[in-house]
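Let me begin by presenting the structure, written as structure tokens, before commenting on it.
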Ligand SMILES: Cc1cc2nc3c(=O)[nH]c(=O)nc-3n(C[C@H](O)[C@H](O)[C@H](O)COP(=O)(O)O)c2cc1C
């Protein structure tokens, strides 16, 4: 009876962790507070799961290691390390549950680790489920083999075809959601599509899980005792079917090359200097904006950061170098909008400057958000009552508005003004910034905001032009 309970408990913890993992992947759907709460509950369940599996853990140094056991042990250890890293990095940048806990890890480093490891853990956890999938298939298989003849075959083949379709769909979702780019660290900030339906999000993630289960189940099955005999069988088959073997080999090699190419092609600006040629970046088009009296309000790191005079565009990631002068992305987008509309300009400048280092700025921005910091604005302030239209341009910080932008918009009376936003980002699109902005301003914020990825800013002039043309 006792054994039965432990077995059931193990299954319950497995199911709970899988469900929680789904919830955790959709942070933009739950919000950060629930993300942290579910992460903490998942960690507690994870510990219980390991206590229940203590016999398996104690057995690690003992016995023989056939290939299938090597695979199982590697997956389980990778999962264990991954979850510990996730929990630790999550605690270090916590804004709710562990906010009180000082940990020796900057929130910038914590974010990078959390982002890379979370997607890897999702895949490894799914593969872990694949290791135990034999049990599910075994049970279902026994039921099916008790069926009458035509049904037995139909159900067996239908399930195989469905499994294959799920795996193919999962592979497409894996690429379209750029999971490999997150895992390899090529995308620095997660992209959350806040307008996407919950169903399509979870369908994709379920299919990705299905793919991993499929792959690990079959590899595990293949590696089980008798592996060398099966390998000899394959070699004999290859010798007998040379043409088929070559085609199959080519398909596999092409798959690996494509995976490597798409997985690493998002090498971000953060590693490369970007030289700005103003004449190439900013076109000559102008729109007739007579009907509107507008102002462009922007915020960027340059002017709000203590840059070393010798800093280059590489160490000051996300910036551009114009003949030795640093230019921020939001500022360049502001120059484009100014060329097109002829609107007035205002740059938000705060008294307390951010650090020169990109990573440190990312941490400082997080601390400001967590502590409710209220910046002081410096420089001449425009009389906003003159304007009916605002083009607000800002970089996305931690998936939302930078604190100075949020605070500025909160403090200023925007009653009766139409606000159009251009958001420059490192992968997350608009984040939740538009809905967050609506909560702090009394102006009318247009839902039709323009998102420009940092690496695309220099080529964004046509997009800015078309976007303004739409609402002008
Ligand atoms: C403090 C900080 C936080 C950031 N957070 C995000 C983020 O959550 N999502 C994202 O896609 N990019 C993020 N980025 C990247 C910037 O949004 C992006 O590089 C932007 O183009 C920088 O514009 P700027 O040069 O005008 O400052 C962040 C950058 C900094 C400095």
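Residue numbers (the numbering used here): 26 to 497.
For glycine and all other residues, C-beta sits at the position ideal for the given N, C-alpha and C.
Keep in mind that this is a model prediction, so the values were computed, not measured.
| Asked | Found |
| --- | --- |
| Between residue 190 and residue 149, is the Cβ-Cβ spacing less than 8 angstroms? | no |
| Got a sec? Which residues, its chain only, sit under 8 angstroms from residue 199 by beta carbon, not counting five neighbours each side? | 205, 233, 236 |
| Provide the residue span of the alpha helix (DSSP H) that contains residue 98, from first to last. | 92 to 117 |
| Which residues end up in the neighbourhood of ligand 1 when you take C-beta atoms closer than 5 angstroms to any of its heavy atoms? | 214, 325, 326, 343, 353, 354, 355, 386, 387, 390, 420, 421, 422, 423, 424, 449, 450, 451, 452, 453, 479 |
| Residue 422 to residue 386, Cα distance in whole Å? | 10 angstroms |
| Would a C-beta distance cut-off of 8 angstroms place residue 488 and residue 477 closer than the cut-off? | yes |
| Taking all protein chains shown into account, do 16 or more other C-beta atoms lie within 10 angstroms of the C-beta of residue 354, making it buried, or fewer, making it exposed? | buried |
| Just the C-alpha distance for residue 297 and residue 329, rounded to the nearest angstrom, thanks. | For residue 297, the pLDDT reaches just 44, beneath the cut-off of 50, and the residue's location in the model is therefore unreliable, although a value from the coordinates is still provided. Going by the C-alpha atoms only, they are around 22 angstroms apart. |
| Within 10 angstroms of its Cβ, does residue 165 collect 16 or more other Cβ (buried), or is it exposed? | exposed |
| Could you pull out every residue in the same chain whose Cβ sits closer than 7 angstroms to the Cβ of residue 66, ignoring the five residues on either side in sequence? | 45 |
| For residue 492, which three-state DSSP category applies? | helix |
| How many angstroms separate the CA atom of residue 437 from the CA atom of residue 472? | 20 angstroms |
| Express the C-alpha separation of residue 430 and residue 397 in angstroms, rounding to a whole number. | 13 angstroms |
| Residue 323 bridges to which residues according to DSSP? | 372, 418 |
| Just curious, the beta strand (DSSP E) that residue 449 is in, first and last residue? | 443 to 450 |
| Per DSSP, what kind of secondary structure is residue 123 in: helix, strand or coil? | coil |
| Cβ atoms of residue 418 and residue 359: under 8 angstroms apart, would you say? | yes |
| Report the residue from 72, 30, 82, 121 whose alpha carbon sits nearest the alpha carbon of residue 61. | 121 |
| Relative to the C-alpha of residue 486, which candidate in 186, 264, 356 has its C-alpha closest? | 356 |
| Can you give the Cα-Cα distance for residue 172 and residue 58, rounded to whole angstroms? | 49 angstroms |
| Using the Cα positions of residue 289 and residue 207, report the straight-line distance between them to the nearest angstrom. | Low per-residue confidence applies at residue 289: pLDDT is 47, beneath 50, and the placement is therefore not dependable enough to give any value. |
| Under 8 angstroms: do the stretch 143 to 159 and the stretch 238 to 253 share three or more Cβ pairs, one atom per stretch? | yes |
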